[in-house]
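I have placed the structure first, in the form of structure tokens, so that the comments after it can refer back to it.
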Amino acid sequence: EGFSSVNLFLSLYRFQACVYFACVFQAMSCGIHYLASVFMAVTPNFVCGIPGNVSSVLFYNSSESSIEDIWTLWTSTENYIVVQLENGEIWELNQCSRSKREVSLDLAYEYKGNKSIFSCSDGFLYDDTKWKSTVVTQWDLVCDREWLAKLIQPTFMLGVLIGAVIFGDIADRLGRQRVIWFTSAGQFVFGIAVAFTFDYYSFVIVRFLLAMVSSGYLVVAFVYVTEFVGIKARTWASMHVHAFFAVGIMIVALVGFLVRTWWVYQIFLSISTLPFVLCCWMLPETPFWLLSEERYEDAQKVINIMARWNKVSTPCKVSELCSVQQDDLVSGRTGDNDTSSTKKHNILDLFCNWHIARRTITVWLIWFTGSLGYYVFSLSSVSLGGNEYLNLFLIGAVELPCYIVACIGMDKLGRRNTLIPFLILSALICVLIMFIPQDFNILIILANMAGKFSIGVAFGLIYLYTAELYPTIVRSLAVGSGSMMCRAGSVVAPFCVYLRSVWIFMPLLLVGIMALLSGILTIMLPETLGKPLTNTLVEATEMGRNKKSCSEKTPPAHSGAALEKIEMFGQETVSTEK
């Protein structure tokens, strides 16, 4: 049934199909920039620099003529290298310090005499066998500056959070089309600018701006395509915006494998979606936003274009839609003595009684856990052993079938009945990984792919499930607040990954606990499959089989007749909650 809906969408609504695939193509750039730092900010093996020319190098029982030949033998950060300079001095090189032996009679690895310890004032020597250059080696973000390297991904995710809020609001005020133009161009311009930053701080600032426009594009594009896509293909179309994000992750792995200099790598990633930037100005504004701004002539022009593309002989008239909506508004006012006094809603309405509050806390936890698990599995994939490029590629590829499973599960089993088992399954997989011996790299990678798959299913369907759990009057608040929790999870995720230095399984333990708790609490949520959307908090509470409710007036219903007319063109009216 789901695939037939997609086929119907592609065959009958050519205009919407072209708009959809153009927009989701650019969504790949968001996946690219979100995960670009996994290779760009790699910290290779390194030791302190030396104050002279090396004549011989000793590492345990291996003697070489240059330090570059030693890196293949390097196994631990506790190791050190012994070097003899041309002037006869013997130095021990550690990662964050170096020591000069007072007695330089012969070159031996073990030495029990006196040493003079010095700081790494001559810089550092890096292993360039895998990466010729990274931002870490460019600006020596090691030792006492290591914390700067660890802030690269969290500051990017902070930009993601702020960008989603700012551009979501701007899109409601200025229109979706302008924001898509600006954020698309911004991703290209800031993406290229990152490669030409002159120091660490300019790098972080430009990356922060890149994060804002990338997040802004993803949020607005989701609304944009949903306002163009018809009801029959809504679930599949909205879910597979995320699939193109996953394709972006796969591109990061491919480019990282082919290009080993960070600034060239960044340029290649940024130009990968240049075709969309060159043609995005052709995308029209959505008729729904134009109607909301009372730009009726512009809306009619877009509708006429859609009609020609879709070969509809009798395009609907904006005047008819406005007439129907006015009739509904009048009838709504007749049934309600004072609609103008309808209460303005805020975040506290999501906690109006115990049952709605419990629902809100559970939904927020799912949003947070989904984002945390998604980025923990993605960011830590390069540290699983084996080929890190293949690991990241597989972690991205496993998302593609997971969204298909999520769509089928939502339609066949229900939202809650799909969400619960996959949350609990992700928790069990986190525990399972802890018991896999570290030598079994392939098994560890497969288990992490399974974990990413299960958390991806839960993360994908929570968007639609949240919208269905809350009434019209607070639906935007509910999805918007959930999205904020999602962004908070993405900011926390890099710090969670860094906890591997405390205990290698600490990130998995945290994700597993959160997923298990979320799965248990989800049992108390109501199922929404096949149920109509609610309009008031009274109805939303009753959906949870509870008689105690919030006192609210029911606002006038949206015009069903107008919706039917717009559906002729494969569209539907949606709120800007995404």
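Here the sequence shown is numbered in the numbering used here, starting from 145 and rising by one per residue. Ideal placement from N, C-alpha and C gives every residue a C-beta, glycine not left out.
Through-space distance from residue j to residue i, alpha-carbon basis
| i | j | result |
| --- | --- | --- |
| R644 | M650 | 6 angstroms |
| D250 | P195 | 19 angstroms |
| V403 | V279 | 14 angstroms |
| M658 | M383 | 23 angstroms |
| I415 | N231 | 50 angstroms |
| T610 | L295 | 31 angstroms |
| A637 | Y344 | 22 angstroms |
| Q160 | P428 | 11 angstroms |
| S243 | N531 | 35 angstroms |
| L587 | L660 | 23 angstroms |
| C162 | H177 | 24 angstroms |
| L576 | L516 | 19 angstroms |
| F420 | V186 | 30 angstroms |
| D785 | G604 | Because residue 785 is not part of the residues shown, which for the chain are 145 to 722, the question remains open. |
| M356 | S265 | 37 angstroms |
| T327 | P431 | 21 angstroms |
| S570 | Y533 | 23 angstroms |
| V385 | I211 | 48 angstroms |
| L732 | R503 | Because residue 732 is not part of the residues shown, which for the chain are 145 to 722, the question remains open. |
| R158 | W453 | 6 angstroms |
| E437 | A443 | 10 angstroms |
| M628 | E233 | 58 angstroms |
| A171 | T685 | 36 angstroms |
| Y440 | I447 | 10 angstroms |
Host beta strand (DSSP E) of residue i (start-end)
| i | result |
| --- | --- |
| Y518 | Element bounds for Y518: not the beta strand (DSSP E) but the alpha helix (DSSP H), 498-523. |
| F334 | Where F334 is concerned, there is no enclosing beta strand (DSSP E), although the alpha helix (DSSP H) it sits in stretches over 320-339. |
| R242 | 242-245 |
| E236 | 234-237 |
| S645 | Careful: S645 lies outside any beta strand (DSSP E) and carries neither H nor E. |
| F420 | Counting along the chain, F420 falls outside any beta strand (DSSP E), though it belongs to the alpha helix (DSSP H) covering 418-423. |
| S207 | 206-208 |
| I225 | 225-229 |
Sequence-distant residues of the same chain with beta carbon closer than 6 angstroms to residue i, five excluded per side
| i | result |
| --- | --- |
| G553 | T562 |
| A315 | V323, V364 |
| S662 | L509, I510, T513, L567 |
| G303 | F352, A355, M356 |
| C630 | W511, S515 |
Buried or exposed (CB count within 10 angstroms, at least 16 for buried), residue i
| i | result |
| --- | --- |
| P676 | exposed |
| D284 | buried |
| V526 | buried |
| V542 | buried |
| I617 | buried |
| A397 | buried |
| T370 | buried |
| Q582 | exposed |
| F340 | exposed |
| S219 | The sequence as given places Thr at residue 219; Ser does not occur at that position. It is exposed - the Cβ of T219 has fewer than 16 other Cβ atoms within 10 Å. |
| D288 | exposed |
| I648 | exposed |
| F495 | exposed |
| A501 | exposed |
| G267 | exposed |
| C423 | exposed |
| L434 | buried |
| M593 | buried |
Residue span of the alpha helix (DSSP H) that contains residue i, given as start and end
| i | result |
| --- | --- |
| Q170 | 158-179 |
| V403 | Element bounds for V403: n/a, residue is neither H nor E. |
| L652 | 650-666 |
| F268 | Per DSSP, F268 belongs to no alpha helix (DSSP H); it is in the beta strand (DSSP E), 268-270. |
| K294 | 290-294 |
| I548 | 543-556 |
| K596 | 585-613 |
| F190 | No alpha helix (DSSP H) holds F190; the beta strand (DSSP E) holding it covers 190-192. |
Whole-number beta carbon distance between residue j and residue i, since they are thought to touch under 8 angstroms
| i | j | result |
| --- | --- | --- |
| F521 | K596 | 4 angstroms |
| Y253 | L202 | 5 angstroms |
| T506 | M394 | Between M394 and T506 the Cβ distance is about 33 angstroms, and since that is not below 8 angstroms, they are no contact. |
| F332 | G175 | Incorrect: roughly 15 angstroms between the Cβ atoms, too far for contact. |
| L305 | V635 | 6 angstroms |
| Y164 | F372 | 7 angstroms |
| S173 | S358 | 7 angstroms |
| S199 | S207 | About 11 angstroms separates the two Cβ atoms, so there is no contact after all. |
Beta-carbon contacts of residue i that lie in its chain and below 7 angstroms, excluding the five residues immediately before and after
| i | result |
| --- | --- |
| L237 | V191, C192, I194, Y224, I225, V227 |
| L536 | V182, I393, V396, A397, S525, V526 |
Sequence-distant residues of its chain with Cβ nearer than 8 angstroms to residue i (five each side left out)
| i | result |
| --- | --- |
| G257 | R245, E246, V247 |
Closer than 8 angstroms to chain B by CB, residue i
| i | result |
| --- | --- |
| E543 | Looking for chain B here will not work: only one protein chain is present. |
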